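Undergrad: Sharing a structure, written as structure tokens. Questions coming.
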Amino acid sequence: MSSSPASVQMDEVRQRAQLLLTSSGSAQDVKADVQTMASIALPFSEKYRHLTAEAMLKENTAGRSRQEALDSLSKLVKALSILEKYGCNLTSPTRPRYWRSVKHNNPVFRTTVDAIKGGRTVLYLYGYTNQQIDGLSFPDDVTEPDAKNVAAVTLEVMTLRLEVDMLLKGIHPHPESFKDIIPFPIQNEADSVVNVPADKGQGEKAHIPPPPPTKPSPMPRTKLPKPSAVPPPVSVCNLCGGASSFVCPSCDSQHFCDACDDLFHRHPSRANHKRDKMHQPKQETCTICGISAVHSQCPTCIQKLCLNCDRLFHSHPDRKGHNRTIITPAGTKTPSVCQTSWECSHCTTVNEMRAVLCTTCERPRLATSAAPDSSVSVPMSPNSDWQCKSCTVVNQGSSILCEVCERPRLATRPPVVASPGSGSDSAEKWTCQFCTYVNTQPSLVCEVCSLSCKDSSAGSLPQSLQQVSFAAKDQPQAKPQINVELKRQKTMRDDGLKLIHQIREAEKRGISPEEVYAAICMCGGSNPCDWLTSELPHLLDEICAMAASVQLTPTVVHGDGANPEQNAAGGGVKLSRAEAKLAWLAAGGDTEKAVRQLLRDRQAKMKELRSLGFQDLFQCDEALHQSGGEVKGALSLLQRPLMEPFHQHIWIDQPEPPIDPKHVDKQRTCRRLLALYSLPSWGRCELVLSLLQEPDVSCSLEDVVQAVKESHDKDFIRRLLNNECPCCLSIFPRSKMQSLTSCQCSVCHDCFRDHFTIAIRDKHIRDMVCPVCGEPDINDPEQLDSYFSTLDIQLRDCLEMDVYDLFHKKLMEHTLMKDPKFLWCYHCTNGFINDGNQLKVTCLMCRKSFCAQCKKPWEPQHQDVSCEQFQLWKRENDPEYQRQGLAGYLRDNGITCPQCNFQYALTKGGCMHFSCSQCRYEFCSGCNNPYYKACCKTPRCKYNGLHAHHPRDCLFYLRDWDADKLQQLLQRNGVDFNTDPSSGAQADACGVMEQKDEGGQQVDSPCGLQTQPGQAGLCNKHYKEYLVSLINAHTLDPAVLYEPNDLIIVCQRYLGDVQRGDPEDENAFSARLLKKLMELPLGEKVPRNK
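Just add 130 to the spot in the sequence shown (first one is 1) and you have the working numbering.
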């Protein structure tokens, strides 16, 4: 390394700047050091230790014209500025959230870093070494970037960017350093004049002042730019050339506008300067921009416009014909100052004076507005969130770049910059933002894609569309010169239009654009679609023949050291047209390249097949030929002979041998279990085998597999496999047991099916309960409906079809019986719905008639009389009825089911628990209240067994009274009753019909008990029933005849616990109890008024 003073100074400045950048990560902190490093005269190899600056400059300028090299160097400056930001972000203490990766689809990255050569190399130096599909990233094991290395590379990027920028501006102190790198001089040292690309809309040359002395010295950061040799007018700002508003005596009486004064005197060393306000008459400003002075007035638009706004606004076709009145001549412009550039305070880029935004970071030139106005909104705080103008993502206030597109905070949408030209040609060119074609005519639509240019950025529009000079209309146009670039653009446009037409025509015929492009290279000037149809098959055959004549040498060498095998065809291969077409398209229509590509593809496919175990080259070649070069199709053809034994094994008609759990090959048995029964794991298969090998196992393989699928606990599985049926007392697995939803009892499938088959065929539908516990309670309507809805699902799969249909028939009849219009025939077992209102009803089955209300056989005397009047007539006039006496009365006033209203000609004596043969409803024959088999919903009920709740006037309690006491109650209320038997009635035995249990069957037969004198020819039991029927018919309360002890028992039954007061005597206590008891109503369902 050289030890010259320049090298020593370079090392000192580099170390100081590197430490500063590592700690702060701000480019402003090292701005002066970078300027010093850029002005030191050293060879590139010593100045740039990490970057290959010399190679980067050569790659971006070699083989190009002077103008193209200038454009390339301008792009290099912008790309280096973006790379500088990447480095500053990595060294900053507050790095962005997505610092680990750089996306290629980022529009800024694509148009800057990717547009130059060597841009990605800088990213590699930063640490982005991991290549991804959509960009670059740090390796996964890197948690923090190497700040020291990144700072060193960033400083060299900043230095190179500044040197190239100064070279383009013509202010580089040592332009001779680029003599051997750039093939032509960029900067003329004699007059220091450089042709800078013209500003959009201008074609002027920028004259750069002479460079500073060659002695390197650091440039102070706050040094005031030297005023020009010719002092500007008093009313002109010394910095920007605008109208001045202040004059500063401390700064040699220099003039400043509002914006420059605010920016320049913000420095601490000049903050205390006192400036004098210059009083100038207020000038009228443009109605569009509000800044520039008014140039013309348009009476059609009713607007006053400056020169630039007038040119742009009236360039629209609808406003070209407007006549404007010139207020300020165009020639009376504000005198320009000698200073022709300004330096961005953020990225240090030197921009032209006319530029409002920085060309690199797109930040505004001035920090504050020139003229503060109360109507202008106050700028947002730097710490508040901001929305990116390019991708609309809301970012944090502390971030400078967008987290998604990485564009600067104040940047607008990226414009499509046209390549600068020379003279008037560059002013007329504009680049379409949709197809990137450079248009040469001042039209409003692109010549290629025919899309409007109104959405394009202002920079990409031609000058003739941006600013229309009125004075230029009267001036004669110079004769256009022949431009090679314009001719090339026209040729490219014609060729592009022709290619687009050919591609669209080919798409209509089902031909891809790739085929069209390849065919153009072969067919010459003829139609490519016709050539593809007629000549392409012959060309493909020729390519296959040329490839087959070449010997295909395999790359596989056998382990025994033998020579590699030659091709299967003895020097040729079998190739298909499909393979040849793919290779021809990949080669772009070049036949020789297509042959080589075809052979390379075939070698790769053969190598892939050999790696899969197919070593026979003859078979591989034949399979590829038959499949059209597809590896998957060839693999299917090669595997077919190998799978033939397996296919024969599958297609064989012989049944699969059963699985033997005691087979010697345990693994084979487990594999079969996995294949046939889909067990979840290998361990479950071993568990099945261990359970089947136990000595006391009696279950089948399917039962054990089903139990193992449910659990892996061996004890739990044993419980699942051993369940006793309570009906047949046999052992079954849980999977072969079935239970009802109304209880927890489980029975085997056979017992379940047999029980319900017998209940449906031979019994009532209410007998279809659990065979073990008899649940559910049939008398509960809510349980009955939900029970039958689930029972129907269970019986559907286990019963025979005729039995299942009978179940539905009985269930339908049970539902119909709930209809009040449903009637059972008195003479037969038929039931039907009666829609009429007459008492006489005729059965549709037996054609016999009966009364719809009293359910008695119809007689002519019943016509037009009520049932009570007809019964009274029969007692008085029917000899047969009179002969039966009270036995006939008890028969006619027998038992009526409260559930289905079916009437029984039976007495109520004997057991009061009556079961209806029609609906199986169990109730009390004296009060019609239901019987419960378990605990009911009645308050204060403590009975769990069979019971019913009887009222105090029910036969259930009154049958225990003596007949004399019942007669006393009737006499007390003036009710007549019979004591003598009727004439002709049997006097020795009671003839009342009643239901008796004989041999497990319910049989209707006469009572047959001995009659007692004074009881109307009835036995004592039926005579009491007769007296109680009269008591119920006249709604008599038996409480008036209760004894004191009986009264207390009855009150405890209905009123709960009763307490006798201390001063209360027995008579008062009995009277109080009797009063409370009589307040309770009598039985609501007790038959009355018969």
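Cβ atoms here follow ideal geometry from the backbone N, Cα and C, with glycine treated the same way.
These numbers were taken from a predicted model, which means no experiment stands behind them.
1) Is the beta carbon of P226 closer than 8 Å to that of S520?
2) List the whole-angstrom C-beta distance separating L181 from E286, where the pair is believed to meet the contact cut-off of C-beta under 8 Å.
3) Going by DSSP, what residues sit across from T455 in a beta bridge?
4) Unbroken alpha helix (DSSP H) runs of length 4 or more, entirely within the region 926-973: which are they?
5) Starting from G265, follow its DSSP beta bridges and name the residues at the other end.
6) Is it true that the CB of G1186 sits closer than 8 Å to the CB of D1083?
7) Report the rounded CA-to-CA distance for L712 versus L705, giving the unit in angstroms.
8) Report the CB separation of C378 from H403 in whole angstroms; it is logged as a contact under 8 Å.
9) Can you give the Cα-Cα distance for Q733 and Q797, rounded to whole angstroms?
10) Mark P1168 as exposed unless 16 or more other C-beta atoms lie within 10 angstroms of its C-beta, in which case mark it buried.
11) What residue range is occupied by the uninterrupted alpha helix (DSSP H) comprising K299?
12) Okay, do the region 243-252 and the region 184-198 touch, 3+ Cβ pairs below 8 Å being the bar?
13) Rounded to whole angstroms, what's the CA-CA distance from V138 to C477? Just pull it up for me.
14) Given a threshold of 16 other Cβ atoms within 10 Å of its Cβ, counted over all protein chains shown, does Q1189 qualify as buried or as exposed?
15) Where does the unbroken beta strand (DSSP E) through E1173 begin, and where does it stop?
16) By Cβ distance, which residues of its chain are closer than 6 Å to L870, with the 5 residues on each side in sequence left out?
17) Let me check one thing: in DSSP terms, what residues is H1077 bridge-paired to?
18) In the DSSP assignment, find the alpha helix (DSSP H) that holds H755 and state where it starts and stops.
19) With DSSP as the reference, identify every bridge partner of Y1034, one or two as the case may be.
20) Can you check which of these residues, Y1087, T1109, F1086, is closest to Q1097 by C-alpha distance?
21) From E274 to A423, what distance separates their C-alpha atoms?
22) How many angstroms separate the CA atom of R146 from the CA atom of A168?
23) Consult DSSP for M1123 and reduce its assignment to one of helix, strand or coil.
24) Buried or exposed: where does N1058 fall if 16 or more other Cβ atoms within 10 Å of its Cβ makes it buried?
25) Does DSSP put A171 in a helix, in a strand, or in coil?
26) Straight-line CA distance for L393 to D406?
27) Here's a check: name, in chain order, each residue in its chain whose Cβ is nearer than 6 Å to the Cβ of K872, leaving out the five neighbours to either side.
28) Mapping the DSSP letters down to three states, classify N569 as helix, strand or coil.
29) Please return the same chain residues whose Cβ sits closer than 7 Å to the Cβ of N1074, not counting the five positions on each side in sequence.
30) Quick one: grab the DSSP three-state call for N1221.
31) Within 8 Å, do at least three Cβ pairs link the region 154-173 to the region 196-204?
32) List in chain order: all unbroken alpha helix (DSSP H) runs of 4+ residues lying wholly within the region 845-906.
33) With C381 and C367 assumed to form a contact (beta carbons below 8 Å), what rounded beta-carbon distance in angstroms separates them?
34) Ends of the alpha helix (DSSP H) at F980?
35) Let me know the secondary structure DSSP gives L1096 once reduced to three states.
36) Tell me where the alpha helix (DSSP H) around F1107 begins and ends.
TA: This is what the structure holds:
1) no
2) 5 Å
3) DSSP output for T455 lists Q427 as bridge partner(s).
4) 931-946
5) K233
6) no
7) Rounded to whole angstroms, the gap between the alpha carbons of L712 and L705 is 12 Å.
8) Between C378 and H403 a beta carbon distance of about 5 Å is seen, short of the 8 Å cut, so the two are scored as contacting.
9) 42 Å
10) buried
11) 277-299
12) With contact defined as three or more Cβ pairs closer than 8 Å, the region 243-252 and the region 184-198 are in contact.
13) 27 Å
14) By the 16-neighbour rule on beta-carbons within 10 angstroms, Q1189 is exposed.
15) Neither: E1173 is in no beta strand (DSSP E) and is coded neither H nor E.
16) C900
17) Y1062
18) 747-756
19) I1025
20) T1109
21) 54 Å
22) 15 Å
23) If DSSP states are grouped into helix, strand and coil, M1123 belongs with the strands.
24) buried
25) A171 falls in the coil class under three-state DSSP.
26) 16 Å
27) Here residue 872 is Ser; the residue named in the question, Lys, does not match the sequence. Here the set comprises E905, P906, Y917.
28) In this structure, N569 counts as strand in the three-state DSSP scheme.
29) A1064, C1065
30) This structure leaves residue 1221 out entirely; the chain is present only between 131 and 1220.
31) no
32) As for any alpha helix (DSSP H) of minimum length 4 sitting wholly inside the region 845-906, the runs are 879-892, ordered along the chain.
33) Contact flag wrong, Cβ pair sits at about 12 Å.
34) No alpha helix (DSSP H) holds F980; the beta strand (DSSP E) holding it covers 979-981.
35) helix
36) Note, F1107: premise wrong, no alpha helix (DSSP H); not H, not E.
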